[in-house]
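Read through the structure below, which is laid out as structure tokens, and then see the notes.
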Amino acid sequence: AILKAVDDLEAVCVADDFLDTDAARLDGRWRLLATVAGRKPGDDLENMGRANAVNASGLVLDTSEKLPIQAFDVARSRVANEIGFDAFGGCTVRVSGGFRRGANGRRADVLFDNLEVFGSGDK
């Protein structure tokens, strides 16, 4: 349902193809509202979208209490999703990986290759 909602939104409010025209505008930290993650080519992405969660190749973390952050480093073609938790005295989970242009210049395909967990004083 997430991909359908994105398609519907793009039809009404066409966004710039940032990855094709001005990728540097994506640099920085953003609130992440939903994710779509496949495990392998050919996965049914339509049924893998998640709102209020970060979904990295099947590892789904609930974010309904706190919105996660997505950070783009366009020069290095890297992206990271970060979620803060109150558990264990406060910790952050970060998954990161390389990205490339997706089906259009508004979507990035990400291959996550790193998982980090930080305690409140480690980051």
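Quick note, the sequence shown lines up with residues -7 to 115 if you use the numbering used here. Beta carbons are placed, not taken as given, at the ideal position from N, Cα and C, and that holds for glycine. This structure is a prediction, so every number in the text was calculated from the model and none was measured.
Alpha-carbon to alpha-carbon, residue j and residue i
i, j, result
"V66", "R17", "9 angstroms"
"G82", "F104", "24 angstroms"
"R92", "S69", "7 angstroms"
"L107", "I75", "12 angstroms"
"E57", "D14", "33 angstroms"
"F80", "D54", "16 angstroms"
"W22", "V4", "22 angstroms"
"K(-4)", "F77", "30 angstroms"
DSSP-derived helix/strand/coil call for residue i
i, result
"D19", "coil"
"A(-3)", "helix"
"L103", "strand"
"T13", "helix"
"G76", "strand"
"R68", "helix"
"A95", "coil"
"G81", "helix"
CB of residue i within 7 angstroms of CB of residue j, strictly
i, j, result
"G94", "D101", "yes"
"R98", "D0", "no"
"F64", "D19", "yes"
"V109", "V71", "no"
"D25", "P60", "Here residue 25 turns out to be Leu, not Asp, going by the sequence shown. No, the pair does not count as a contact, with Cβ atoms beyond the cut-off."
Distance between beta carbons of residue j and residue i, contact taken as under 8 angstroms
i, j, result
"V87", "N73", "5 angstroms"
Short CB-CB distance (under 7 angstroms) between residue i and chain B
i, result
"S56", "The structure shown has no chain B; it contains just one protein chain."
Near the ligand ATP: residue i beta-carbon under 6 angstroms from a heavy atom
i, result
"F10", "The ligand ATP is absent from the structure shown, which contains no ligand whatsoever."
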